[in-house]
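S.K.: FYI, in the UniProt record's numbering the residues of the sequence shown are 1 to 296.
Pasting a structure here, questions to come.
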Amino acid sequence: MAAGGKMDTVANNRSASEAAGKDTTLIYRQSRWTRLTHWIWAFSLFFMLLSGLQIFNARPQLYIGKQSGFEFNNTILQIGAENTANGPRGFTEIFGHRFDTTGVLGWSGPPGQETPRAFPSWATIPSYYDLGTARVVHFFFAWILTTTLLVWLVAGLINGHIRRDLAPRVSDLRKLPRDIVDHAKLKFHHTREYNTLQKMAYGGVLFVALPLMIVTGLAMSPSMDSVLPWLNEILGGRQTARTIHFTVMVLLVLFFVVHILMILAAGPINELRSIITGWYRTDPPEKHDQPTERSA
Numbered sequence: 001m002a003a004g005g006k007m008d009t010v011a012n013n014r015s016a017s018e019a020a021g022k023d024t025t026l027i028y029r030q031s032r033w034t035r036l037t038h039w040i041w042a043f044s045l046f047f048m049l050l051s052g053l054q055i056f057n058a059r060p061q062l063y064i065g066k067q068s069g070f071e072f073n074n075t076i077l078q079i080g081a082e083n084t085a086n087g088p089r090g091f092t093e094i095f096g097h098r099f100d101t102t103g104v105l106g107w108s109g110p111p112g113q114e115t116p117r118a119f120p121s122w123a124t125i126p127s128y129y130d131l132g133t134a135r136v137v138h139f140f141f142a143w144i145l146t147t148t149l150l151v152w153l154v155a156g157l158i159n160g161h162i163r164r165d166l167a168p169r170v171s172d173l174r175k176l177p178r179d180i181v182d183h184a185k186l187k188f189h190h191t192r193e194y195n196t197l198q199k200m201a202y203g204g205v206l207f208v209a210l211p212l213m214i215v216t217g218l219a220m221s222p223s224m225d226s227v228l229p230w231l232n233e234i235l236g237g238r239q240t241a242r243t244i245h246f247t248v249m250v251l252l253v254l255f256f257v258v259h260i261l262m263i264l265a266a267g268p269i270n271e272l273r274s275i276i277t278g279w280y281r282t283d284p285p286e287k288h289d290q291p292t293e294r295s296a
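Take a look at the structure:
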């Protein structure tokens, strides 16, 4: 998912073949820049997720609209605890439907030491309640992610990586039904090019989810009101922006889960070697309909 010149790719492929005893299935697929940004984003999102859950614990409700409070009926999600005949119980309420989530959400902790908290201690940074530290960690990695993404976008537009490697073509869209069937059957083709589902998934994360998460994060900051006073209006209010921010986080977690499952199904050693060292083993040439070149 990053840039590299075609000349460098050809040279690296030639070196790979020589190093592997003329093994033409071993290619240099991921450049140093690809691998660097991948791991920067991965670490940043990890710390942003866990610190974000700690921040959420300070007010474990989500609303739609510009205001919130007892006089408003716009809550769509609430995580909390309540006293019952059987003792304290944790609950999660979504669109008015309440579920018992004791032990995980709302009421959790070691036996005999349970406490009321939306997300459990093992899922937050820090593990104990500390809103100030959580905000520092969250904003620090948010700026790292934002800066890296902006640099990547500019570089990808200048060197043509986005247009060449990530933008779906008409031929890709024609292959989409077959691609879906192959993935459902866990049948994978190891080629130099990203397949249609990969392009759509990576494009959705890089051009929709991450920018939307950044924009809604800015909209929630009171200090940004004086700089971008119109941002909250566009998003429907700070509370709506917070709800969108949380929803995007959930979608990114789902993407991560699917991403890991696909890596395990497609061959974890080959996939991890690619994103760590850059080297990737493709299918033998005769298995490809028409071999193509791509920049790493």
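Virtual Cβ for every residue (Gly too), placed ideally from N, Cα, C.
Mark K199 as exposed unless 16 or more other C-beta atoms lie within 10 angstroms of its C-beta, in which case mark it buried.
M.R.: K199 should be labelled buried.
S.K.: Restricting to Cα atoms, I'd like to know which of H97, T115, S171 is closest to L105.
M.R.: T115
S.K.: For the region 232-259, list the beta strand (DSSP E) runs that are entirely contained and at least 3 residues long, ordered along the chain.
M.R.: none
S.K.: Look up residue 299 in the DSSP assignment and give the residues it is bridged to.
M.R.: With the chain covering only 1 through 296, there is no way to say anything about residue 299.
S.K.: Residues bridged to L77 by DSSP?
M.R.: L62, I94
S.K.: Can you name, in chain order, every residue of its own chain whose Cβ lies under 6 Å from the Cβ of Y194, other than the five neighbours on each side?
M.R.: Its chain contains no residue whose beta carbon lies nearer than 6 Å to that of Y194 once the 5 sequence neighbours on both sides are disregarded.
S.K.: In terms of DSSP beta bridges, what is residue 302 paired with?
M.R.: Coverage of the chain is limited to positions 1 through 296, which leaves residue 302 absent and any answer about it impossible.
S.K.: W279 bridges to which residues according to DSSP?
M.R.: Y28
S.K.: Assuming H190 contacts D283 (C-beta within less than 8 Å), just tell me the rounded distance between them.
M.R.: About 5 Å; that satisfies the 8 Å criterion.
S.K.: In angstroms with no decimal places, state the Cα-to-Cα distance between L212 and N86.
M.R.: 43 Å
S.K.: By DSSP's criteria, F99 is part of a beta bridge. Which residues make up the other side?
M.R.: T92
S.K.: Could you give the residue range of the alpha helix (DSSP H) that holds P211?
M.R.: 210-219
S.K.: Decide yes or no for the touch test of the region 217-231 against the region 27-47: beta carbon pairs closer than 8 Å, at least 3 of them.
M.R.: no
S.K.: Helix, strand or coil: how does DSSP classify W230 here?
M.R.: coil
S.K.: Among the candidates A58, I94, L26, whose CA atom is the shortest distance from the CA of A134?
M.R.: A58
S.K.: In this structure, does DSSP put N195 in helix, strand or coil?
M.R.: coil
S.K.: Where do the ends of the alpha helix (DSSP H) carrying W171 lie?
M.R.: At residue 171 the sequence reads Ser, which differs from the Trp that was named. Per DSSP, S171 belongs to the alpha helix (DSSP H) from 170-184.
S.K.: Going by other Cβ atoms of all chains shown within 10 Å of its Cβ, with 16 needed for buried, is E271 buried or exposed?
M.R.: buried
S.K.: Between the region 202-212 and the region 248-262, are three or more C-beta pairs nearer than 8 Å?
M.R.: Output reads yes: the region 248-262 touches the region 202-212.
S.K.: If you reduce the DSSP assignment to three classes, tell me which class D130 lands in.
M.R.: coil
S.K.: Check this for me: beta carbons of R238 and A266, under 8 Å apart or not?
M.R.: no
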